[in-house]
Amino acid sequence: MTSDKAPTPSPDASPESRTDAMPDAAPETTRAATPDHTAATGTTPEQTGPDGQDAVAGQPEADATPDGTHADKNKGGHVPPRAEKQAAPVPPAGQAEKFFQALCCLGPLVLLTVLAAQAWPDFWQGWRGDALYCPAEVRNIQIFLHAQQDGQWLAPGAGLAMESAAGLAAQWPGFTWFLASLAALLPPALLFPLSGALAAALALLGVWGLSRAAGFGSKAALAAGLILLCMPIFAPLAHFTGPAALAAALLLFSLICFCRGWQAQRAWFYLPAGFVLAGLAGLTGGLFHLLLPLLASALFLLWRATFRRAQALDALTGFVLLLLLLALWLGGIILWTNAEGYMQGLFATVRQWHGPVTARWWLPLAVAGLGLVPWIGMVVCVSWQRVLRSAWSDLKASRAERAGSAFVWISMVLACLLSLFMPMAQLQSVAVCLACLAAPLLGKALLRLPHLGSRLFYLIAALCLLHAGMALVAASFGFSLDWMARFFSWPLSPEQREMILGLKALPVLGTLCLLAAVAMTRFIRRDHPGGALLFCTLVAVILTQPAALMLAPELAALPEAHLSRLQDIRMPTMPENAVTPAAPATPQEEGAPPVPAAPEATLPDQAPNQASEQARENAAPAPEPAAQPEAARPETQPETPQAVEPLPETAREAGPEQTTTPAPVATPEAAPQSLPQSGKQENAPAAPSSAN
């Protein structure tokens, strides 16, 4: 039943849509159309009237004619132009896209499962005792073992001579504390492989949490984590024992706390936790990880014009906790350890800070850019027309409505600027932080790519896989390897050439890359970014298996790779705490003079001049001739009586048995037994004078 009263215009009524012509008696169920019906008809819920009628002009829903126009069902005319402005038909989602949408509710569990699938060969090899470590990992492990033996937990690495400045970042105590906490729970065989995987897992959770704190949604958060797992700069971190992943994780968790805390009126948990995590990040990775959260917070408050929020009691409490943490660490080093050289070496990187005008200031950004391949190619696939059209309105809205997105952008820009001033010692940790900060932005941009942009981006990814596969396969043949060396102006020594040709895992990896490139171009729906991202994740997991199970053992057999096992690392570090006495060259009695070398025995038929010359050359060096007594006591004589040859006259007077027997060669064991023979011993000092 309809009412006789004229319908009341709705607040959203406009002359263009003429929604005021809708009768009031329309049921609520017909006014709110379902999303599926909206997508099928191309109209909004406000444009659909009762009984399937089109709300435009109060007419029934129009049918589509073969020529694409919409005709009225009753009168056969055309509907107003607004009805023709329908959204472009969205292609139906494939199975991979539906699976990606279903995985969004699991979030971190999916990311940790993928990471475990990539890192399980390290656990297996570590349990067997075959885990391999590169020279950078060996330095980190030696620092921990040295601190474990000496108890230098506040100053790990104090007393160890670093070969280069690259070891300075590993001396920060945060990573050593992390290893010490795991050592109480894990066996030594799994300690170092699991430490790298656990640090990478924390960084992965930090990226997912930062995406959620910024308000990007569950899909963008999952996409950010999967992109990070496929990055060439992050995928090896699960197999690396070092502080880079742990420092990035602490930095990300600090940014999460600050992003949530500064937007709340009171945050007694987030702000103190953010300051403490910033301090721990600085004690793990250096000044870059300490300054970035603090500077990002300051600029974020200035952007929102709420800098007085930093004067609140919760913010002041967090800042005091940060100062207290740093003061306790420095005070403990000053009071309880003797590590003056440690502090000088630790803060030597501060003097190495340089400006962007010096050479190689671009190196951290270049390393981070190469580590983001192919995901950095998403920049050319974004619909910049749409971005620039709404840039000003989004910028104004980011001060209040979408403040989390502004915080991530501020952190990213500040990280790029600070990286220009970082020394080369922190190159790896800075590049990893840049990649982790870029992951949430790339995940959000990937899901918002237009269909053409999505197809173009995954085509770029397929081309990258194609070229990588061709290079790996070409490195397995001598003629193609020589051609690549000439093309890239990278001369190879014969040893390096034989080493590369002997790696049987390279053609396997190259073949897998080629197959993945073909599958991505022919069998994957590249216009659905979520489903194609799952395929890229699967490719990353598959490529990890031969790299860890085939390539690493082959490199371990090559001395040029300098890979070590845990038992080889432990052996040199065990006696460092004890002073090892120098072993004597020959066993001697205490207080005895050094034993001169015994000459070769001379036969009696040798010429007298030859015997006297040998006696002069091989005789023990004596003091001044004037100070030497005529007959020295047996205690003052050399231990070997055969050190001086007998005179020719003495040889003639000797019996037949003595003349035919050559003189024995002097040995340390026989020397004390020959001392009592003083008959010939007393005449021995006169040999040089008689020879003259």
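Numbering (the working numbering), first residue to last: 555 to 1246.
No residue lacks a Cβ here, since even glycine has one placed at the ideal position from N, Cα and C.
From a predicted model like this one, the values you see are computed outputs, not experimental measurements.
Distance, residue j Cα to residue i Cα
{"i": "W857", "j": "Y687", "result": "46 Å"}
{"i": "L1112", "j": "G1056", "result": "10 Å"}
{"i": "A864", "j": "L804", "result": "22 Å"}
{"i": "G711", "j": "G886", "result": "15 Å"}
{"i": "A1022", "j": "A1029", "result": "11 Å"}
{"i": "L846", "j": "A709", "result": "24 Å"}
{"i": "A673", "j": "A792", "result": "6 Å"}
{"i": "G839", "j": "Q649", "result": "42 Å"}
{"i": "A616", "j": "Q819", "result": "With a pLDDT of 42 at A616, under the threshold of 50, the modelled position of that residue is not reliable, and no figure is offered here."}
{"i": "P1083", "j": "L758", "result": "20 Å"}
{"i": "G833", "j": "C813", "result": "17 Å"}
{"i": "T891", "j": "W678", "result": "39 Å"}
{"i": "W816", "j": "L855", "result": "8 Å"}
{"i": "A506", "j": "V934", "result": "The first residue shown for the chain is 555 and the last is 1246, placing residue 506 beyond what the model contains."}
{"i": "L875", "j": "W731", "result": "19 Å"}
{"i": "A690", "j": "L748", "result": "17 Å"}
{"i": "P1107", "j": "D704", "result": "33 Å"}
Bridge partner(s) assigned by DSSP for residue i
{"i": "S1118", "result": "Y687"}
Whole-Å CB distance - residue i paired with residue j, under 8 Å assumed
{"i": "G755", "j": "C990", "result": "According to the sequence provided, residue 755 is Ala. The question's Gly does not apply to it. At roughly 13 Å, the Cβ-Cβ gap does not stay under 8 Å, so A755 and C990 are not in contact."}
{"i": "P928", "j": "A985", "result": "In fact, because the Cβ distance is near 17 Å, the residues do not count as touching under 8 Å."}
{"i": "L1017", "j": "L1068", "result": "Going by Cβ atoms, the distance from L1017 to L1068 rounds to 12 Å, so no, they are not a contact pair."}
{"i": "K773", "j": "C658", "result": "5 Å"}
{"i": "A922", "j": "L988", "result": "4 Å"}
{"i": "G872", "j": "G828", "result": "6 Å"}
{"i": "L782", "j": "T1091", "result": "So it is not a contact: roughly 10 Å between Cβ atoms."}
Per-residue DSSP class, three states only, for residue i
{"i": "A827", "result": "helix"}
{"i": "D948", "result": "helix"}
{"i": "A777", "result": "helix"}
{"i": "L666", "result": "helix"}
{"i": "W822", "result": "coil"}
{"i": "W883", "result": "helix"}
{"i": "L703", "result": "Here residue 703 is Gln; the residue named in the question, Leu, does not match the sequence. Note: Q703 maps to helix in three-state DSSP."}
{"i": "Q817", "result": "coil"}
{"i": "F854", "result": "helix"}
{"i": "W915", "result": "coil"}
{"i": "M976", "result": "coil"}
{"i": "C658", "result": "coil"}
{"i": "Q941", "result": "The residue asked about is misnamed: residue 941 is Val in this sequence, not Gln. Of the three classes helix, strand and coil, the one that applies to V941 here is helix, per DSSP."}
{"i": "D590", "result": "The predicted position of D590 is uncertain, since its pLDDT is 43 and thus under 50; a value taken from the coordinates is nonetheless stated next. D590: helix per DSSP, three-state reduction."}
{"i": "T891", "result": "coil"}
{"i": "T1091", "result": "helix"}
{"i": "G958", "result": "helix"}
{"i": "F677", "result": "helix"}
{"i": "W726", "result": "coil"}
{"i": "R953", "result": "coil"}
{"i": "A1185", "result": "Because A1185 carries a pLDDT of 43, less than 50, the predicted location of this residue cannot be relied on, and no value is offered for it."}
{"i": "K652", "result": "helix"}
{"i": "M932", "result": "helix"}
{"i": "G543", "result": "Nothing can be reported for residue 543, as the shown portion of the chain is limited to 555 through 1246."}
{"i": "A709", "result": "coil"}
{"i": "W550", "result": "Beyond the ends of the chain as shown, which are 555 and 1246, falls residue 550; an answer cannot be given."}
{"i": "A1111", "result": "coil"}
{"i": "I787", "result": "coil"}
Reference residue i; option with closest CA among the options
{"i": "Q655", "options": "L776, T730 and H700", "result": "L776"}
{"i": "S952", "options": "G683, Q703 and F770", "result": "F770"}
{"i": "L665", "options": "G705, I1078, Q939 and G779", "result": "G779"}
{"i": "S765", "options": "G1064, F807 and L884", "result": "F807"}
{"i": "W883", "options": "W726, G683 and D704", "result": "W726"}
{"i": "V941", "options": "C811, C970, K998 and E1114", "result": "K998"}
{"i": "A799", "options": "P786, L1103, F1077 and L752", "result": "L752"}
{"i": "F1089", "options": "L971, A1101, I930 and A1073", "result": "A1073"}
{"i": "A821", "options": "L870, A789 and M1038", "result": "L870"}
{"i": "W681", "options": "L853, Y824, A743 and A1039", "result": "A743"}
{"i": "A671", "options": "D1122, S983, I1096 and A1101", "result": "I1096"}
{"i": "A992", "options": "F975, S965 and Y1012", "result": "S965"}
{"i": "P675", "options": "L1046, I930, L663 and G750", "result": "G750"}
{"i": "L825", "options": "F794, A852, S947 and D868", "result": "D868"}
{"i": "R1080", "options": "F729, L1001, P1100 and D1036", "result": "L1001"}
{"i": "L919", "options": "P977, S735, F746 and L733", "result": "P977"}
{"i": "L981", "options": "F842, A734, L739 and L1063", "result": "F842"}
{"i": "A960", "options": "A767, I930, P689 and W707", "result": "A767"}
{"i": "L995", "options": "V761, S1047 and L669", "result": "V761"}
{"i": "Q1121", "options": "Q696, S947, S983 and L669", "result": "Q696"}
Cβ-heavy atom distance, residue i to the ligand GDP, below 7 Å
{"i": "F829", "result": "Annotation note on the ligand GDP: not contained in the displayed structure, which lists no ligands."}
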